[in-house]
Amino acid sequence: MFDIGVNLTSTQFAKDREQVVKRARAAGVAGMLITGTNGLESQQAQDLAQQHPGFCWSTAGVHPHHASEWSAATAATLCRLAEHPQVVAIGECGLDFNRNFSAHDQQEYAFNAQLALAAELTMPVFLHCRDAHERFIAVLKPWLDKLPGAVVHCFTGTQAELTACLALGLSIGITGWVCDERRGIKVRELLPLIPGDRLLLETDAPYLLPRDMRPRPTSRRNEPCFLSHIVQQVALWRDEDAEELAQKTDENARRLLAIR
Numbered sequence: 048m049f050d051i052g053v054n055l056t057s058t059q060f061a062k063d064r065e066q067v068v069k070r071a072r073a074a075g076v077a078g079m080l081i082t083g084t085n086g087l088e089s090q091q092a093q094d095l096a097q098q099h100p101g102f103c104w105s106t107a108g109v110h111p112h113h114a115s116e117w118s119a120a121t122a123a124t125l126c127r128l129a130e131h132p133q134v135v136a137i138g139e140c141g142l143d144f145n146r147n148f149s150a151h152d153q154q155e156y157a158f159n160a161q162l163a164l165a166a167e168l169t170m171p172v173f174l175h176c177r178d179a180h181e182r183f184i185a186v187l188k189p190w191l192d193k194l195p196g197a198v199v200h201c202f203t204g205t206q207a208e209l210t211a212c213l214a215l216g217l218s219i220g221i222t223g224w225v226c227d228e229r230r231g232i233k234v235r236e237l238l239p240l241i242p243g244d245r246l247l248l249e250t251d252a253p254y255l256l257p258r259d260m261r262p263r264p265t266s267r268r269n270e271p272c273f274l275s276h277i278v279q280q281v282a283l284w285r286d287e288d289a290e291e292l293a294q295k296t297d298e299n300a301r302r303l304l305a306i307r
């Protein structure tokens with residue numbers, strides 16, 4: 048199984064990053080994609096991935112929360128990082144009209160610039176969309192025929208939004224959000240609608256600890272070693288075998304990211 052979304056640069060992992068990676072391996076995780084969310088963290092993500100060759104890879108990008116920081120220097124940093132074999136996708140990029148840490152026009156500008164960079168470099172994109180579906184699709188759609196692939200990370204949208212994403216050929220990243228009996232039920236109900244070759248799984252660690260884990264972890268911090276729980280639950284709700292789902296989603300991740 049492959050975890051396509053791990054925020055390993057988070058300060059929540061500052062004291063035990065190596066142990067986190069070791070626990071992931073011991074739990075059966077076969078690969079991890081470390082998320083870059085701004086210039087500095089994208090560099091840190093690449094550094095971490097380089098320390099674990101054949102097991103960790105990374106993205107290089109600017110999250111919509113950091114879109115106001117976008118500059119020519121940022122673009123140059125991402126382009127330089129993309130030269131490294133560990134960096135296999137541009138992102139996390141997209142739109143977030145829920146928290147609005149950056150203005151909408153700044154978000155759209157940074158998103159468009161990263162899509163252009165990905166197209167230039169022929170790299171897939173790792174996408175973020177929250178409460179911004181209409182504009183997200185409008186900005187993304189003109190670039191899709193120039194990109195080798197794209198995944199909507201941590202999908203939490205509606206059935207109509209899922210249908211629109213699938214119609215555009217996007218892959219769908221599912222997290223432990225679906226294990227939340229308060230917020231995740233609607234997305235859980237959509238799981239059978241996602242084609243098997245478009246489904247990717249992720250923890251988004253240290254965030255989104257699955258709420259239905261028993262016994263509950265003593266810490267509220269999520270870890271990639273908990274991906275197996277997400278696999279089990281998603282398989283249950285899709286009426287599939289968990290081992291087969293783990294293998295299939297691993298294959299999907301490696302195909303999208305062009306890694307072995």
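In the numbering used here, each residue's number is its place in the sequence shown (first place is 1) plus 47. Using N, Cα and C, we set each Cβ at its ideal position, and we do this for glycine too. Since we're looking at a predicted model, the values are computed, not measured.
With 16 other Cβ atoms within 10 Å as the buried cut-off, status of residue i
{"i": "residue 89", "result": "buried"}
{"i": "residue 101", "result": "exposed"}
{"i": "residue 282", "result": "buried"}
{"i": "residue 160", "result": "buried"}
{"i": "residue 154", "result": "buried"}
{"i": "residue 138", "result": "buried"}
{"i": "residue 265", "result": "exposed"}
{"i": "residue 214", "result": "exposed"}
{"i": "residue 71", "result": "buried"}
Residue nearest to residue i in terms of C-alpha spacing, selected from the options
{"i": "residue 129", "options": "105, 238, 184 and 115", "result": "105"}
{"i": "residue 259", "options": "241, 247 and 278", "result": "278"}
{"i": "residue 127", "options": "276, 144, 150 and 165", "result": "165"}
{"i": "residue 303", "options": "205, 199 and 237", "result": "199"}
{"i": "residue 142", "options": "213, 235 and 109", "result": "109"}
{"i": "residue 163", "options": "186, 268, 120 and 95", "result": "186"}
{"i": "residue 180", "options": "71, 209 and 263", "result": "209"}
{"i": "residue 203", "options": "184, 232, 214 and 193", "result": "232"}
{"i": "residue 234", "options": "205, 69, 249 and 62", "result": "205"}
{"i": "residue 207", "options": "237, 228, 201 and 218", "result": "237"}
{"i": "residue 99", "options": "63, 62 and 69", "result": "69"}
Where residue i falls: helix, strand or coil (DSSP)
{"i": "residue 105", "result": "strand"}
{"i": "residue 78", "result": "strand"}
{"i": "residue 177", "result": "strand"}
{"i": "residue 287", "result": "coil"}
{"i": "residue 89", "result": "helix"}
{"i": "residue 252", "result": "strand"}
{"i": "residue 140", "result": "strand"}
{"i": "residue 246", "result": "strand"}
{"i": "residue 148", "result": "coil"}
{"i": "residue 241", "result": "coil"}
{"i": "residue 306", "result": "coil"}
{"i": "residue 183", "result": "helix"}
{"i": "residue 50", "result": "strand"}
{"i": "residue 218", "result": "strand"}
{"i": "residue 129", "result": "coil"}
{"i": "residue 282", "result": "helix"}
{"i": "residue 157", "result": "helix"}
{"i": "residue 197", "result": "strand"}
beta-carbon residue i near the ligand SAH non-hydrogen atom, thresh 6 Å
{"i": "residue 215", "result": "Absence of the ligand SAH from the depicted structure is noted, as is the absence of any ligand whatsoever, leaving it without description."}
Test item: CB-CB of residue i and residue j under 7 Å
{"i": "residue 220", "j": "residue 255", "result": "no"}
{"i": "residue 107", "j": "residue 83", "result": "yes"}
{"i": "residue 247", "j": "residue 293", "result": "no"}
{"i": "residue 169", "j": "residue 189", "result": "no"}
{"i": "residue 150", "j": "residue 172", "result": "no"}
{"i": "residue 148", "j": "residue 175", "result": "no"}
{"i": "residue 145", "j": "residue 177", "result": "yes"}
{"i": "residue 53", "j": "residue 242", "result": "no"}
{"i": "residue 96", "j": "residue 133", "result": "yes"}
{"i": "residue 67", "j": "residue 306", "result": "no"}
{"i": "residue 245", "j": "residue 218", "result": "yes"}
Beta-carbon proximity list for residue i, same chain, < 6 Å, skipping 5 on both sides
{"i": "residue 226", "result": "257, 258, 259 and 280"}
{"i": "residue 131", "result": "93"}
{"i": "residue 239", "result": "285"}
{"i": "residue 56", "result": "88, 91 and 92"}
{"i": "residue 268", "result": "59 and 253"}
{"i": "residue 80", "result": "51 and 104"}
{"i": "residue 157", "result": "109, 114 and 117"}
{"i": "residue 274", "result": "48, 50, 76 and 250"}
{"i": "residue 124", "result": "86"}
{"i": "residue 276", "result": "257 and 260"}
Residues of its chain near residue i, where Cβ-Cβ distance is below 8 Å and the 5 sequence neighbours each way are ignored
{"i": "residue 297", "result": "48, 49, 77 and 78"}
{"i": "residue 228", "result": "258 and 259"}
{"i": "residue 288", "result": "282"}
{"i": "residue 140", "result": "108, 109, 110, 111, 157, 158, 161, 162, 172, 173, 174 and 175"}
Own chain residues within Cβ distance below 7 Å of residue i, not counting five before or after
{"i": "residue 216", "result": "191"}
{"i": "residue 85", "result": "109, 110, 113 and 116"}
{"i": "residue 211", "result": "184"}
{"i": "residue 230", "result": "224"}
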